[in-house]
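Q: Dropping a structure here in C-alpha cells format, bear with me for questions.
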Amino acid sequence: MGAIVGGEMAVVAVWTTRQLWFDGIVNGMVFGLLALGVVLVYRSTRVINLAVGNMGPPATGLMTLLTFNYGFPYWAALPISLLVGITVGATVERAVIRRLFEAPRVIVLVATIGIAQLMQAILASYPDLVRDRSQRFPIPVNFTWDDVLGVRVTGPKATILVVVPLLALGLSWFLNRTVFGQTVQASASNADLARMSGIDPKMVQLFVWTVAGLLATISLLLLSGNRGSVGGLQNLGPSTMARALAAAVIAGMVPFPPGPSVPESSLVWSRPTSVRVL
Numbered sequence: 603m604g605a606i607v608g609g610e611m612a613v614v615a616v617w618t619t620r621q622l623w624f625d626g627i628v629n630g631m632v633f634g635l636l637a638l639g640v641v642l643v644y645r646s647t648r649v650i651n652l653a654v655g656n657m658g659p660p661a662t663g664l665m666t667l668l669t670f671n672y673g674f675p676y677w678a679a680l681p682i683s684l685l686v687g688i689t690v691g692a693t694v695e696r697a698v699i700r701r702l703f704e705a706p707r708v709i710v711l712v713a714t715i716g717i718a719q720l721m722q723a724i725l726a727s728y729p730d731l732v733r734d735r736s737q738r739f740p741i742p743v744n745f746t747w748d749d750v751l752g753v754r755v756t757g758p759k760a761t762i763l764v765v766v767p768l769l770a771l772g773l774s775w776f777l778n779r780t781v782f783g784q785t786v787q788a789s790a791s792n793a794d795l796a797r798m799s800g801i802d803p804k805m806v807q808l809f810v811w812t813v814a815g816l817l818a819t820i821s822l823l824l825l826s827g828n829r830g831s832v833g834g835l836q837n838l839g840p841s842t843m844a845r846a847l848a849a850a851v852i853a854g855m856v857p858f859p860p861g862p863s864v865p866e867s868s869l870v871w872s873r874p875t876s877v878r879v880l
C-alpha cells in the first residue's frame, strides 16, 4: 500500500508544475470575483443566479466588435462594455426579477435559466462577430515575463492579479463602511425588519443585480484576455457558471469574513486541472 501511495505521489509530482498552480490561482481569482456576484444576489434576495456566467458575454462580444470591426482603441471600448454590463444587470432586474418579487424562489431560479439563454441569444445575434480562434482578444497591456519565481507572467495574468484584489477590497469596504452597503447587508439579514425600518428591498435588489452584471462583465473580460483567443466566447459563460457556483457554495454563500470567503474558496476550486493521478 505504501508503495502504491508513493507511486501516485510521484506521478502527481511529475504532472504538477509551478506554472500550473500559478495559472490555477489566477483563474481562480476571476471565478471568485464572479462568485461574489452570486453571493450578493443570494444574500439579498435568496435567489441563486444561474445566469451568473451568461450576463457577461453580451458586453464581452461587444468589446470584440468595437475593437476589431470598428477600430475602437481598447480604453475607449472598455467603458462602453462595462456600461453595457451594468445595463444588462439592471435591465434583468427591472424586466424579469422585479416582476417575480412575490413569486416562490424556485420560479425565480427557473427564470434565471431563461435569462442565461437570452444572453446567449444576444451574443449570437451580433453581426460580423469575429469568431476566428487565431484572433487575439483585446487586452490592456501586452508583455511577458518568462521567469518570475519560476513562473511565466503575461500581461493578462498581471492584470488579473491587480484588478481582482482591488475590486474585492473596494466591494468589501463599500458593504462594510458605507450607509448603503450596510443597508444591503441589513436587508439580507432580515428583510421584514429592514422594510419596517424604511429600507426599500426593491432598491437593494436593483443594486445587487446591477453589481452582479458588472462583476460578470469584468470577469468575462479578464478570462477572455487570459485565454487569448476571441473564439469560443459563446461557451465561456456556461463553462464559468459551475466554477463560480462551486466557489460560492464552498464559501458558505458568505462574500467576506467570518468564515472562508469567496476569493479563498475559489482558489481551492481552481486547483490545476492538468494534475493527473494514474
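Convert by adding 602 to the 1-based position in the sequence shown; the result is the number in the numbering used here. Yeah, the Cβ is synthetic: ideal placement off N, Cα and C, and Gly gets one too.
I'd like to know if the stretch 677–691 and the stretch 743–753 are in contact, where contact means that at least 3 CB-CB pairs between them fall below 8 Å.
A: With a cut-off of 8 Å, the stretch 743–753 and the stretch 677–691 do not count as touching, because too few Cβ pairs lie within range.
Q: If we ignore side chains and look at the alpha-carbon of each, how far apart do Ala723 and Asp802 end up?
A: Roughly 33 Å separates the two Cα atoms.
Q: Hey, could you find the ends of the alpha helix (DSSP H) Arg829 is sitting in?
A: Where Arg829 is concerned, the enclosing alpha helix (DSSP H) stretches over Pro803 to Arg829.
Q: May I have the straight-line CA-CA distance separating Thr780 from Tyr728, to the nearest angstrom?
A: Rounded to the nearest angstrom, the two C-alpha atoms are 39 Å apart.
Q: Report the three-state DSSP secondary structure of Arg648 (helix, strand or coil).
A: Three-state DSSP puts Arg648 in coil, outside helix and strand.
Q: State the Cα-Cα distance for the pair Arg696 and Leu808, rounded to the nearest angstrom.
A: Cα to Cα, Arg696 sits roughly 7 Å from Leu808.
Q: Ala849: buried (16+ other C-beta within 10 angstroms of its C-beta) or exposed?
A: It is buried - the Cβ of Ala849 has at least 16 other Cβ atoms within 10 Å.
Q: Using only alpha-carbon positions, find the residue among Leu823, Ala853 and Gly854 that is nearest to Met665.
A: The option with the nearest alpha carbon to Met665 is Leu823.
Q: Tell whether a beta-carbon distance below 8 Å holds between Phe739 and Val632.
A: It is not a contact, given that the beta carbons lie outside the stated cut-off.
Q: For Arg620, count neighbouring Cβ atoms within 10 angstroms of its own Cβ and tell me buried if that reaches 16, exposed if not.
A: Arg620 comes out exposed.
Q: Under 8 Å between the Cβ atoms of Met805 and Leu652?
A: No, the Cβ-Cβ distance between Met805 and Leu652 is not below 8 Å.
Q: Bridge partners for Pro747 per DSSP, in chain order?
A: Looking at the sequence provided, one finds Trp at residue 747 rather than Pro. In the DSSP output, where bridge partners are listed per residue, Trp747 has Val755.
Q: Might you give, ordered along the chain, the residues of its own chain that have their beta carbon closer than 6 Å to the beta carbon of Trp552, omitting 5 neighbours on each side?
A: Residue 552 is absent from the structure shown; the chain starts at 603 and stops at 880.
Q: If you follow the alpha helix (DSSP H) that Ala849 is part of, which residue opens it and which one closes it?
A: That run of the alpha helix (DSSP H) goes Leu835 to Ile852.
Q: Assess, as a yes-or-no matter, whether the stretch 765–775 is touched by the stretch 702–715 under the definition of 3 or more beta carbon pairs within less than 8 Å.
A: Cβ pair count under 8 Å is below three, so no.
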